[in-house]
Amino acid sequence: RHLNLLVVDEEQRFGVKQKERLRSARSEVDVLTLTATPIPRTLQWATLSLRQTSCIFTPPPARKPIETVVAEFDEEQVYDAISREVGRGGQVYFVVPRIEPDMDDAVRYIKRGVVAGKLPGTISWGTINGSMKPTA
Numbered sequence: 001r002h003l004n005l006l007v008v009d010e011e012q013r014f015g016v017k018q019k020e021r022l023r024s025a026r027s028e029v030d031v032l033t034l035t036a037t038p039i040p041r042t043l044q045w046a047t048l049s050l051r052q053t054s055c056i057f058t059p060p061p062a063r064k065p066i067e068t069v070v071a072e073f074d075e076e077q078v079y080d081a082i083s084r085e086v087g088r089g090g091q092v093y094f095v096v097p098r099i100e101p102d103m104d105d106a107v108r109y110i111k112r113g114v115v116a117g118k119l120p121g122t123i124s125w126g127t128i129n130g131s132m133k134p135t136a
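Residues in the sequence shown are numbered consecutively from 1, following our numbering.
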C-alpha cells in the first residue's frame, strides 16, 4: 500500500512490459535497478540522460577485471583478444547489433578464425538472441 521504492535485481530477467507495469502501479515509486550487465536500452537511456546511473567500482573479492573496448573493427585485434581471454580461462561475448544478418556473419567469422588457426581449436561457442515471440 505504501510502496516507495522498487528494487529490480538483474534487470535483464524482466521484460519492458513487466517493468512498466510495476512502475505504472504507483507513479510516485522510485525504481532502483541493479545489474552487472546492463541491457542495451538501459545503456542508451543513460547515454541520453534519460536515466540516472551510478557505478560501483569496487569488484567482489577475487573477481577478474573486465575490459571493454569500443573501436573500429580490426580482425586481428579481435582474434587476439578472444584467444587471450579464452587462454586465461575467461569468457568472451561477441555482441552484434542485429540478428539478421549480423549474427550469421559473426558465426562465419568465428568458424573462419578456428579453421585459419587464429582461434584455439578447443574454443566452445554458441549463439543466443533476444528476439522473443509476442505474448498475449
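Don't be surprised by glycine CBs; every beta carbon is placed ideally from N, CA and C.
Please state if the CB of Y93 and the CB of K118 are separated by a distance shorter than 9 Å.
no
Give the range of the beta strand (DSSP E) segment to which V86 is assigned.
Careful: V86 lies outside any beta strand (DSSP E), inside the alpha helix (DSSP H) at 75-87.
Cα-Cα separation between W45 and R51, rounded to whole angstroms
5 Å
Would you call the segment 106-122 in contact with the segment 80-89, where contact means no fewer than 3 C-beta pairs closer than 8 Å?
yes
Looking at C-alpha atoms only, which residue of K17, R41, L48, V7 is the closest neighbour of D30?
V7
Other residues of its chain near E87: CB distance less than 8 Å, five sequence neighbours each side excluded
In the sequence under discussion, the amino acid at residue 87 is Gly, which differs from the Glu named in the question. Once the five neighbours on either side are set aside, the close Cβ partners of G87 are P120.
What is the rounded straight-line gap between the Cα of A106 and the Cα of I123?
15 Å
The beta strand (DSSP E) with D9 in it runs from where to where?
5-9
May I ask which residues mark the beginning and end of the beta strand (DSSP E) holding V31?
30-34
Taking the C-alpha atoms as reference points, what is the distance between I56 and A36?
10 Å
Indicate the three-state DSSP secondary structure (helix, strand or coil) for I110 in the structure shown.
helix
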